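Numbering (our numbering), first residue to last: 20 to 245.
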């Protein structure tokens with residue numbers, strides 16, 4: 020699936036400005052935009068997504084990050100709040116009162132196993148679909164967020180990825196990932212009542228049926244041989 024810019028106008032003009040300002044800095048060289056916003060705004064256009072997840076495969080300097088963010092904030096007319104700061108994870112908020120917008124940005128040191136090649140569009144470096152897909156499996160494995168279930172569903176149903184292929188890639192990133200444990204992470208979907216704000220329609224019924232079938236398939240596969 021080809022990369023596009025701002026599918027279904029997922030990104031607000033202020034967000035586009037922030038992305039372009041960030042990727043114009045020297046600090047941004049090892050980083051790429053990933054996660055739900057990359058998936059929605061540059062590939063699928065399937066749901067609303069706001070946060071920026073900037074991942075790097077290389078160790079980065081939090082002080083250099085702060086200098087870059089302060090510079091971007093000044094150019095964008097935004098105030099900055101550094102909520103979490105560490106060597107591997109930083110959570111930052113940029114607020115522009117004129118635009119009435121608060122932008123969350125996470126700077127993350129990614130583990131070194133990476134699949135595919137990064138894409139660049141209008142100066143913005145974006146993760147590729149199969150790497151996003153493998154990370155979505157790990158996100159579901161670690162938490163219950165309806166947006167992750169939505170994203171994986173659309174990667175399989177719209178982008179044409181095979182679950183088994185994404186799962187094998189995710190296993191290479193997390194050696195503790197097994198079919199039985201992942202299947203048990205899918206039980207909360209039975210209680211799903213509210214979806215994220217969608218740009219493309221999918222019913223809760225279809226979503227839950229898909230994941231129930233996947234759960235049963237994984238549990239069957241995990242059964243010991245007789």
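No residue lacks a Cβ here, since even glycine has one placed at the ideal position from N, Cα and C. Given the structure is predicted, the values throughout are model-derived calculations rather than measurements.
Check: Whether residue 74 touches residue 50 by CB criterion (9 Å); Outcome: yes
Check: For residue 39, three-class secondary structure by DSSP; Outcome: helix
Check: Burial state of residue 206, where buried means 16 or more other Cβ atoms lie within 10 Å; Outcome: exposed
Check: Close beta carbons around residue 67, own chain, < 8 Å, minus the five adjacent residues each side; Outcome: 29, 59, 215, 216, 217, 218
Check: According to DSSP, residues forming a beta bridge with residue 73; Outcome: 52, 126
Check: Within 9 Å, strictly: CB atoms of residue 24 and residue 141; Outcome: yes
Check: contact_flag[the region 141-152, the region 78-88] where n(CB pairs < 8 Å) is 3 or more; Outcome: no
Check: Inside the region 127-171 only - alpha helix (DSSP H) runs reaching at least 4 residues; Outcome: 148-161
Check: Simplified DSSP state of residue 217, which is helix, strand or coil; Outcome: strand
Check: Cβ-Cβ separation, residue 100 to residue 112 (assumed contact under 8 Å), whole Å; Outcome: 4 Å
Check: Per DSSP, cross-strand counterpart(s) of residue 112; Outcome: 100, 123
Check: Length of the line joining the Cα atoms of residue 85 and residue 103; Outcome: 12 Å
Check: Residue 63 to residue 201 span [Cα, whole Å]; Outcome: 25 Å
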